[in-house]
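J.: The structure follows.
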Amino acid sequence: MADSNPVLRRLSSESSVSKADAVVIGGGVIGLSTAFELASRGMLVVLVEGNKVGSAQSMRNWGFVRQQGRAPEELPLMIEANRKWRELEKKLDFDIEWLQGGNLRLTNSPQRAEEYRRWIDMARSFGLDSKIASPAEIDQIIPGFQGKYLMGIVTPSDGQANPIKVVAAYLRRLRNLGVEVYEDFPVDAIVTAAGRVVGVQSKDTFLATPIVVVAAGVGSGALLKGVGVDLPVQFVRQTVALTTVVPSFTQACVWTGEIGFRQARSGNVVLSTGGRGDVKIDAGTIRSLMSVTHFRHSASMYWKNREYLRIHPYELLQVFRGEQRNNDYAPNYEDIENSIRVIRSYFPNFDWDVTLAWTGTIDGTPDALPVIDTSARPTGLVIATGMSGHGFGIAPAIGDVVANLVIHGESHFDLSAFRIERFQDGTVKNPHHLL
Ligand SMILES: Cc1cc2nc3c(=O)[nH]c(=O)nc-3n(C[C@H](O)[C@H](O)[C@H](O)COP(=O)(O)OP(=O)(O)OC[C@H]3O[C@@H](n4cnc5c(N)ncnc54)[C@H](O)[C@@H]3O)c2cc1C
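Start counting the sequence shown at 0; every next residue gets the next number (numbering that gives the first Met the number 0).
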């Protein structure tokens, strides 16, 4: 057999081949949490990261750990994740600035207010503590707040953590567990033979393994395409700013539709554009839109989120002209200006200014639900990706679920909504939209 198959022939002759029970591709929180859970159950794990661990979304996010607003399909997993966050500091033996200060969402839209009421009823059926926040409660959560909103919902059990410390904590713990972590190791291909995964290839290095977990965020689509698996994802760039230190005023994560914010332990405020972002258009996006199914899903996703998403026609022009874009990491200064203006109007007594700004690119699936799947061919392929802007909070549960799928072949969570096949078999739903 090995003689006739070039991959197996190389496997048996290659002396530098390293063998692992599982290779995790992607050093974001999903890959880190998965590697941690697999290694904690005694597996020999190698984690490979094309750049630096955490350097994509996982250290650039806002640090909200919210159950609030999650789709019913995702909620049981997120409630489990919340339970795990409360123990994570101890489990990782690291101060990650975990704070269970609640999540407050405000709106001025009567339609949204109605959606929130319905969502609260749904969430209560899962035992969640979400409720409508009275004006007095809002004042207690964000004292001195001058914004005027029609309605608010609060979930006191939600929390927050420092994304940079979370990545550092997982990384340190992985090393303690003996997980080999290779940075600057971009995987070019998942190698298969006779319908099974046999390893991963990066430039001239081959890592042999029977199990590959694809947790590569925006890089997952290309890797999966190489093994014939189609993942329809769109990318949205968002700008985040860090303000100067202001006096301590809230422990909650707050989202008003216009902006989102949380005060870090340092006193700086992580300030977001409230969900607004720029749809990334490149040659890959255009290619993917050639498929009628992808086009339909993308159009529906865009329409549902149209108040937040911006499309720049000149980017389309650049693709057709074959021009390279170099501004993928440039923050959107108009967004920063707007966010600062809004937070000044909310809290006029504070001296607001910006110390830092950055961007991050979100990988969004058409229904804004992740893909968690072990059933796709080739055998040994595990997909844990497409976190659609929610992956930081849910990561501890995803790692656990994936480890159970790999080791026991099952999970006690209903994962049917997360199958990759949903994009092909017509069962994909419209995105639930309640950020
Ligand atoms: C601005 C912003 C704010 C957000 N705020 C929140 C929030 O408050 N709460 C929340 O829950 N979520 C939030 N998110 C979403 C959350 O950050 C992501 O869902 C989560 O970090 C995804 O983790 P990941 O491991 O799947 O992907 P990533 O963190 O993107 O990691 C994937 C890794 O794979 C690597 N990779 C890619 N291709 C390859 C390859 N071929 N070979 C090797 N490595 C490869 C990349 O370099 C990258 O490091 C936010 C995201 C952004 C951008």
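Built from N, CA and C at the ideal position, the CB exists for glycine as well.
Note down, in chain order, each residue of its chain lying with its Cβ closer than 7 Å to the Cβ of V226, except the 5 sequence neighbours on either side.
T.: Correct list, in chain order: I189, T191, P377 and L380.
J.: Candidates G392, K428, W254 and R421: which alpha carbon is nearest R82's?
T.: Ranking the options by Cα distance to R82, first place goes to G392.
J.: Return helix, strand or coil for R123, following the three-state DSSP convention.
T.: Reduced to three states, the DSSP call for R123 is helix.
J.: Counting only runs of 4+ residues fully inside the stretch 70 to 105, write out the alpha helix (DSSP H) ranges in chain order.
T.: Counting only runs of 4 or more, we get 74 to 91.
J.: Leaving out five residues before and five after V427 in sequence, what residues of the same chain have Cβ atoms less than 8 Å from its Cβ?
T.: So the list reads H296, P365, D366 and R421, once near-sequence residues are dropped.
J.: Taking 7 Å as the cut-off, is the C-beta of P185 nearer than that to any heavy atom in ligand 1?
T.: Result yes, Cβ under 7 Å from ligand 1.
J.: Answer yes or no: do G158 and W97 have a C-beta to C-beta separation smaller than 8 Å?
T.: Against a cut-off of 8 Å, the Cβ pair of W97 and G158 comes out as a contact.
J.: Would DSSP call Q56 helix, strand or coil?
T.: Q56: coil per DSSP, three-state reduction.
J.: Anyone know if the C-beta pair for I95 and K164 falls short of 8 Å?
T.: Contact: yes.
J.: CB of I95 to nearest heavy atom of ligand 1: below 7 Å?
T.: Flag unset: Cβ of I95 not near ligand 1.
J.: How about the stretch 120 to 137 and the stretch 67 to 86: do they share at least three Cβ pairs that are nearer than 8 Å?
T.: Counting Cβ pairs under 8 Å, three or more are found: they touch.
J.: What is the DSSP secondary structure of V166, reduced to helix, strand or coil?
T.: DSSP places V166 in helix when its eight states are reduced to three.
J.: Alpha carbons only, please: which of G177, Q99, N304 and I361 is nearest the one belonging to C252?
T.: Closest option to C252, Cα to Cα, is Q99.
J.: Check this for me: beta carbons of G398 and F35, under 8 Å apart or not?
T.: Result yes, Cβ atoms of G398 and F35 sit closer than 8 Å.
J.: For ligand 1, is there a heavy atom less than 7 Å away from the beta-carbon of E48?
T.: For ligand 1, at least one heavy atom lies less than 7 Å from the Cβ of E48.
J.: Taking 7 Å as the cut-off, is the C-beta of I419 nearer than that to any heavy atom in ligand 1?
T.: No, the beta carbon of I419 sits no closer than 7 Å to any heavy atom of ligand 1.
J.: Identify, in the order they occur along the chain, each residue of the same chain with its Cβ nearer than 6 Å to the Cβ of I24, setting aside the five sequence neighbours on each side.
T.: Hits under 6 Å: V47, V186, V213 and A215.
J.: Given this structure, state the Cα-to-Cα distance separating V235 from V178, to the nearest angstrom.
T.: Using only the alpha carbons, I get a separation of about 32 Å.
J.: So, with DSSP's three-state summary, where would you put T272?
T.: T272: coil per DSSP, three-state reduction.
J.: Answer with buried or exposed for W84, where buried requires no fewer than 16 other C-beta atoms within 10 angstroms of its C-beta.
T.: It counts as buried.
J.: Residue range of the alpha helix (DSSP H) that G392 falls in?
T.: G392 -> alpha helix (DSSP H) spans G390 to H407.
J.: Can the beta-carbon of K279 be found less than 8 Å from the beta-carbon of T360?
T.: In this structure, T360 lies closer than 8 Å to K279 by Cβ.
J.: Could you check what DSSP says for K224 in three-state terms: helix, strand or coil?
T.: Three-state result, K224: helix.
J.: Under the rule that 16 or more other beta-carbon atoms within 10 Å means buried, what is G329, buried or exposed?
T.: Looking at the sequence itself, residue 329 is Ala, so the reference to Gly does not match. So A329 ends up on the exposed side.
J.: Pick from A394, G259 and S410: whose alpha carbon is nearest that of G53?
T.: Ranking the options by Cα distance to G53, first place goes to A394.
J.: Can we count I270 as close to ligand 1, meaning its CB is less than 7 Å from some heavy atom?
T.: The sequence given here places Leu at residue 270; Ile does not occur at that position. No, since every heavy atom of ligand 1 falls outside the 7 Å radius drawn around the Cβ of L270.
J.: Checking the sheet assignment: what are the DSSP bridge partners for A21?
T.: Its beta-bridge partners are V44.
J.: By the three-class DSSP mapping on this structure, what secondary structure does L288 have?
T.: The answer is helix: DSSP assigns L288 an H, G or I state.
J.: Is the beta carbon of W351 sitting closer than 8 Å to the one on T284?
T.: For W351 and T284, no; Cβs fall outside 8 Å.
J.: Within a Cβ cutoff of 7 Å, which residues of the same chain sit near P162, ignoring the five residues on either side of it in sequence?
T.: Cβ within range, chain order: S57, M58, N60, G62 and F391.
J.: Please report the residue range of the beta strand (DSSP E) in which L206 lies.
T.: T204 to A207 is the span of the beta strand (DSSP E), which, as asked, contains L206.
J.: Name, in chain order, the residues that DSSP records as bridge partners for W254.
T.: The partner list for W254 (beta bridge, DSSP) reads R104 and G259.
J.: Put L474 into one of helix, strand or coil per three-state DSSP.
T.: The requested residue 474 is not part of the displayed model; the chain covers only 0 to 434.
J.: Just the Cα atoms here: how many angstroms apart are R65 and I371?
T.: Those two C-alpha atoms are separated by around 20 Å.
J.: Leaving aside the five residues before and after F184 along the sequence, list all residues of the same chain whose C-beta is less than 7 Å from its C-beta, in chain order.
T.: Once the five neighbours on either side are set aside, the close Cβ partners of F184 are V47, E48, G49 and S201.
J.: Check whether the Cβ atoms of T272 and I258 lie closer than 8 Å to each other.
T.: Yes, the Cβ-Cβ distance between T272 and I258 is below 8 Å.
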